[in-house]
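> Residue numbers (our numbering): 89 to 568.
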C-alpha cells in the first residue's frame, strides 16, 4: 500500500468520527509524507493545523493508522508547503468549523500601548470643500486598548473563535479571509475583534487598522455622499491593511451601503488585506442581505461564540475581580455566575452592581449581601419550577429513568440520584417529607428525612456533591 493509499484509508476512517466541518477544516490538504521506524510523518499546510492535529487529533490519527499498519507507534506533523505528489500549493482552509486550538499564551500586554501616527484621514463633514485627504495625527484604528487576547477568558464556548482570531492576527490576509464571527449579544465578539487589532498594532505599528461598527460605517457613507466626498470615503477604506466591521447585520436592507461595502470588500480582498466581520447571526440568516455579499462572507471562515458554561462564567468574574483589585467572596461570585447565564455583559454588570453597593454601604461583598442586592434582577430571570420539572431534571442529569427512582433498590447509581431528588423537592419546593415518600413508591417519611439530612451534610464537606447541586439548580431555574 502506498503512502497515498494508506492516508486515504485513514482519512476515510477519521471522517466517520468527526463532523464534516471539522474534517474539512483540519484534514484538508494533509498527506502522509513518510513512514519509518514506526513513526509516521504527516504533512500539514500551516502551523495552525499542525498544532491542532498534534494536540487534539493525535489519538484519532494514530488509532486509524494502526488499524491499517500496526507497526506505526507514533506520529509527527510538519508544515509541508506543497503536496509532494501534485507539486501544487495548498489552498488556505476557509470553512465553517466548530473546533479550536489551545490558547497561545503571551505575557506581554497591550493594555498600555497606544499608537499615534501621521496618516491620511478623510473629512466626510461639510466643513471644507477640498477633495484631497487631510493629514492629521489621530487614533486611526478606533480600538479600545483594554481588549486583548491576554485578558480574554477562553473556554469551550469560544475557543475556536479565539484561536481563529489569534491566528489571523499573526497572518493578516493569508489564513482565514474574511473571518466571520457570530453570536448573541454580550458574549465577547467585540472583545475578540478588537484583540486582533490591538495584537497587530503592537507587533506591526506600521499597519493601517480600522475598527468600526456597521452603523457608524453607514453614517460616514451617508455624510460622504451628502458632501460629495464618496471618492475620498472609498480611497480611505481601501488603504486599510486590516478592516474590522462589527455588527454587520445592521447593513441588512441598506442597499447603497451594501453596494459600497461590497466594492471596498473586493478591493481589499483582491490584494490580500484582512477583513474581519461580526454579526449576531450567521450570513445565511441575515435578511435582505445581497446574495453577492452573503457569498463573500461564506467564502471565508465562519465560527460562532455560544453561551458560556458555569465554570467559564466563574472564571470571567474572577478575572474581573483580579483585574480591578476587588474583594468579593467566592460563594458570592458563584451565586452571580449561577444566576446570570445568558450574557457576559450582564454578568459583569451584576458584579459591578454588587461591588458598588457594598462599597457605598461599607458592607462586605459576601453571599448574603449579594443575594439581597441582586434579588430584584434575578426575579426577572428566574423560572418557576414544579415537581415534574424537578423529576425530569434529575433524570436527565444522572441519566436515569423515572421508574427507577420509584422502584425499590439500593444500587448507588440509582440511590444517590433518588436522595438528591428528595433533597431538591424539600429544599426548593418545601414539599412535606411524607408527600415526597408517597411520590417515590410509598417510602416512609423517615427515609426521606434521612436522605435530606445526608445530602445537606455532604454538600458542606464534598465539593463534588456541592457542584452537582449547583448544576442541577442552574438547569432547573435558568436553562431553557
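We put the beta carbon where it would ideally sit given N, CA and C, even for glycine.
(1) Alpha carbon to alpha carbon, how far is residue 455 from residue 235?
(2) Whether or not the segment 241-250 and the segment 383-395 are in contact is what I'm after, with contact meaning three or more pairs of Cβ atoms, one per stretch, closer than 8 angstroms; do they touch?
(3) Which term fits residue 93, buried or exposed, when burial requires 16 or more other beta carbons within 10 angstroms of its beta carbon?
(4) Let me know if residue 552 comes out buried or exposed under the rule of 16 or more other beta-carbons within 10 Å of its beta-carbon.
(5) For residue 89, list the residues DSSP reports as bridge partners.
(6) To the nearest angstrom, how far is it from the Cα of residue 330 to the Cα of residue 324?
(7) State the Cα-Cα distance for the pair residue 356 and residue 315, rounded to the nearest angstrom.
(8) Does the Cβ of residue 413 have 16 or more other Cβ atoms within 10 Å, making it buried, or fewer, making it exposed?
(9) Would you report the Cα separation of residue 500 and residue 508, rounded to the nearest angstrom?
(10) Quick check on residue 344: does DSSP put it in helix, strand or coil?
(11) Which residues does DSSP pair with residue 164 in a beta bridge?
(12) Tell whether a beta-carbon distance below 9 angstroms holds between residue 388 and residue 267.
(13) So, with DSSP's three-state summary, where would you put residue 207?
(14) Can you give the Cα-Cα distance for residue 352 and residue 326, rounded to whole angstroms?
(15) Residues in its own chain within less than 8 angstroms of residue 403 by CB, not counting five upstream and five downstream?
(16) Around the Cβ of residue 376, are there at least 16 other Cβ atoms within 10 angstroms (buried) or fewer (exposed)?
(17) Specify the secondary structure class of residue 392 as computed by DSSP and reduced to three states.
(18) Within the continuous beta strand (DSSP E) that includes residue 443, where are the two ends?
(19) Tell me, to the nearest whole angstrom, how far the beta carbon of residue 363 is from that of residue 284; I am working on the premise that it is less than 8 angstroms.
(20) From residue 473 to residue 301, what distance separates their C-alpha atoms?
(21) Quick one: any contact between the segment 472-488 and the segment 442-452, if contact means 3 or more CB pairs under 8 angstroms?
(22) Please name the residue or residues paired with residue 364 in a DSSP beta bridge.
(23) Tell me the rounded alpha-carbon separation between residue 425 and residue 512.
(24) What are the partner residues of residue 120, as DSSP defines its beta bridges?
(25) Would you call the CB atoms of residue 126 and residue 101 closer than 9 angstroms?
(26) Closest to residue 523 by CA distance: which of 516, 515 and 532 is it?
(27) What's the gap between the Cα of residue 338 and the Cα of residue 282?
(28) On the CB-based measure, 16 or more other CB atoms within 10 Å of its CB, does residue 527 come out buried or exposed?
(29) From the DSSP output, in three-state form, read off residue 241 for me.
(30) Counting Cβ pairs, one atom from each stretch, are 3 or more of them under 8 angstroms apart for the segment 268-281 and the segment 304-311?
(31) If residue 165 and residue 132 are in contact, beta carbons under 8 angstroms, what's the gap, nearest whole angstrom?
(32) Using the three-state DSSP reduction, which class does residue 298 fall into: helix, strand or coil?
(33) When you compare the CB positions of residue 366 and residue 277, do they come within less than 9 angstroms of one another, or not?
(34) Residue 516: which of 502, 544 and 462 sits nearest, CA to CA?
(35) So what does DSSP say about residue 316, is it helix, strand or coil?
On the basis of the data shown:
(1) 30 angstroms
(2) yes
(3) exposed
(4) exposed
(5) According to DSSP, residue 89 bridges with nothing at all.
(6) If I take the Cα positions, the gap works out to 12 angstroms.
(7) 25 angstroms
(8) exposed
(9) 12 angstroms
(10) helix
(11) DSSP links residue 164 through a beta bridge to 129.
(12) yes
(13) The predicted position of residue 207 is uncertain, since its pLDDT is 37 and thus under 50; a value taken from the coordinates is nonetheless stated next. In this structure, residue 207 counts as strand in the three-state DSSP scheme.
(14) Residue 352 and residue 326 have their C-alpha atoms spaced approximately 6 angstroms apart.
(15) 241 and 243
(16) Flag for residue 376 reads exposed.
(17) strand
(18) No beta strand (DSSP E) contains residue 443, which is instead part of the alpha helix (DSSP H) from 432-449.
(19) The beta-carbon separation of residue 363 and residue 284, rounded to 11 angstroms, does not stay under the 8 angstroms limit for a contact.
(20) 41 angstroms
(21) no
(22) In the DSSP output, where bridge partners are listed per residue, residue 364 has 267 and 332.
(23) 20 angstroms
(24) 130
(25) no
(26) The shortest Cα separation from residue 523 among 516, 515 and 532 belongs to 532.
(27) 19 angstroms
(28) buried
(29) DSSP places residue 241 in coil when its eight states are reduced to three.
(30) Between the segment 268-281 and the segment 304-311, the count of Cβ pairs shorter than 8 angstroms is below three; the stretches do not touch.
(31) 5 angstroms
(32) Of the three classes helix, strand and coil, the one that applies to residue 298 here is strand, per DSSP.
(33) yes
(34) 544
(35) coil
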